[in-house]
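Comments concern the structure below.
2 protein chains.
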Amino acid sequence: MSKKSNLPQPTDAELEILQILWEAGPSTVRFVNGRLNEQQEKEIGYTTTLKLMQIMTEKKLLSRNTETRTHVYLAEAVQEVTQKALLKKFVDAAFQGSATSLVMQALGNHQTSQEELDEIKALIEKIEKG
Amino acid sequence: MSKKSNLPQPTDAELEILQILWEAGPSTVRFVNGRLNEQQEKEIGYTTTLKLMQIMTEKKLLSRNTETRTHVYLAEAVQEVTQKALLKKFVDAAFQGSATSLVMQALGNHQTSQEELDEIKALIEKIEKG
DNA sequence: TTGCGTTTACGAAATATTTCGTATATCATT
DNA sequence: AATGATATACGAAATATTTCGTAAACGCAA
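Just so you know, the sequences run in chain order A and B.
All residue numbers for the first sequence refer to this note's numbering, where the first residue is 45 and numbers rise by one.
All residue numbers for the second sequence refer to this note's numbering, where the first residue is 45 and numbers rise by one.
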């Protein structure tokens, strides 16, 4: 029996940081702050990003290596698990729990390439098989 | 040129109220408050719900008929439009903009009936044709 | 018309989230 | 060891969101 000890859900700002760490792997505060400011219009201060990452470390969303002067942060929250939890909450909140209507909206709105459609069809087949 | 005057995005608590109005149609505060308390564990006070609905009216998410003593509230935010906007924000925030990986997660996690799968397949075909 | 139950109005408290100012520590270079 | 550049720590301000207490207004029944 392993305690899964569910992680708290990240806030919006925290999620942005997680995305960066998921994509880039373990990183310093400066790196993350740089990435945030690439993507955004308004500058975010270095200490703002630092504070958030410290809070996230307290919440166990991140961990860090403090051996070197420049701390290196690592995402503890696993991407798939986090996304799954957020998705469930979102489906309930915005689509009254109907994953299907969410899927229909998502497919309808965005333009989806043939490759992606094939992926989805393959998944559907897999589900249908059992 | 019709001004679409984008509505502000509802907060979580506001979205719960919208869901109820979308489903039930124009309703009084007491009705909405009752519904909220059916679905939830912790009691939400009448004036709490009232205040939220008043704020939402200011934001134009709702409108109300004040002719009778008991005001009747109506959802101004259209369900599909609101869902679409929320979905876009969510896909960006949690799935780095990839609607497809969201769809894959959604289909993978939830158990989806054959009817629903058929619906989705039909939509995919339609997309592939057009 | 008086009183009771219900409603809305208003403002503020409680909470959560985001941002930043300032102090302090560390390292590398001189 | 002193200096400058860069790092973290801490606390608090700014903002957004949620909740509620209290008062005033209304309508109905006695």
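We treat Cβ as the ideally placed atom computed from N, Cα and C, and that holds for glycine.
For residue i, which residues does DSSP report across the bridge?
{"i": "A:Ala119", "result": "A:Leu106"}
{"i": "A:Ser71", "result": "A:Tyr117"}
Determine the burial state of residue i: buried for a count of at least 16 other Cβ atoms within 10 Å of its Cβ, exposed for fewer.
{"i": "B:Thr156", "result": "buried"}
{"i": "A:Ala68", "result": "exposed"}
{"i": "B:Pro52", "result": "exposed"}
{"i": "A:Ala119", "result": "buried"}
{"i": "B:Glu85", "result": "exposed"}
{"i": "A:Glu87", "result": "exposed"}
{"i": "B:Arg79", "result": "buried"}
{"i": "A:Val135", "result": "buried"}
{"i": "A:Val125", "result": "exposed"}
{"i": "A:Thr93", "result": "buried"}
Who are the neighbours of residue i on chain B, taking C-beta pairs under 7 angstroms?
{"i": "A:Phe139", "result": "Gln127"}
Quick one: which chain A residues come within Cβ less than 9 angstroms of residue i?
{"i": "B:Ile168", "result": "Leu151, Thr156, Leu161, Ile164, Lys165, Ile168"}
If I follow the unbroken alpha helix (DSSP H) through residue i, where does it start and stop?
{"i": "A:Lys165", "result": "158–173"}
{"i": "A:Ser145", "result": "143–153"}
Straight-line CA distance for residue i to residue j?
{"i": "A:Thr72", "j": "B:Gly141", "result": "24 angstroms"}
{"i": "A:Asn77", "j": "A:Gln83", "result": "10 angstroms"}
{"i": "B:Lys170", "j": "A:Glu159", "result": "15 angstroms"}
{"i": "A:Gly89", "j": "A:Thr114", "result": "17 angstroms"}
{"i": "A:Lys165", "j": "A:Ala143", "result": "16 angstroms"}
{"i": "A:Leu130", "j": "A:Leu62", "result": "13 angstroms"}
{"i": "B:Thr91", "j": "B:Arg74", "result": "9 angstroms"}
{"i": "A:Lys103", "j": "A:Pro54", "result": "9 angstroms"}
{"i": "B:Lys95", "j": "B:Leu59", "result": "14 angstroms"}
{"i": "A:Gln123", "j": "A:Pro70", "result": "14 angstroms"}
{"i": "A:Arg108", "j": "B:Asn109", "result": "56 angstroms"}
Using a C-beta to C-beta distance shorter than 9 angstroms, which residues of chain B count as neighbours of residue i?
{"i": "A:Ile61", "result": "Near A:Ile61 there are no residues of chain B at all, since even the closest Cβ is about 12 angstroms away, more than 9 angstroms."}
Who are the neighbours of residue i on chain B, taking C-beta pairs under 8 angstroms?
{"i": "A:Met175", "result": "Absent from the model: residue 175 of chain A. The displayed extent of chain A is 45 to 174, so no value can be given."}
{"i": "A:Glu172", "result": "Gln158, Leu161"}
{"i": "A:Ala143", "result": "Ala150, Leu151, Asn153, His154, Thr156"}
For a contact defined as C-beta to C-beta under 7 angstroms, what are the partners of residue i on chain A?
{"i": "B:Phe134", "result": "Phe134"}
{"i": "B:Leu130", "result": "Ala138"}
For the ligand SAH, any of its heavy atoms closer than 8 angstroms to the Cβ of residue i?
{"i": "B:Ala150", "result": "The model depicted lacks the ligand SAH and carries no ligand whatsoever."}
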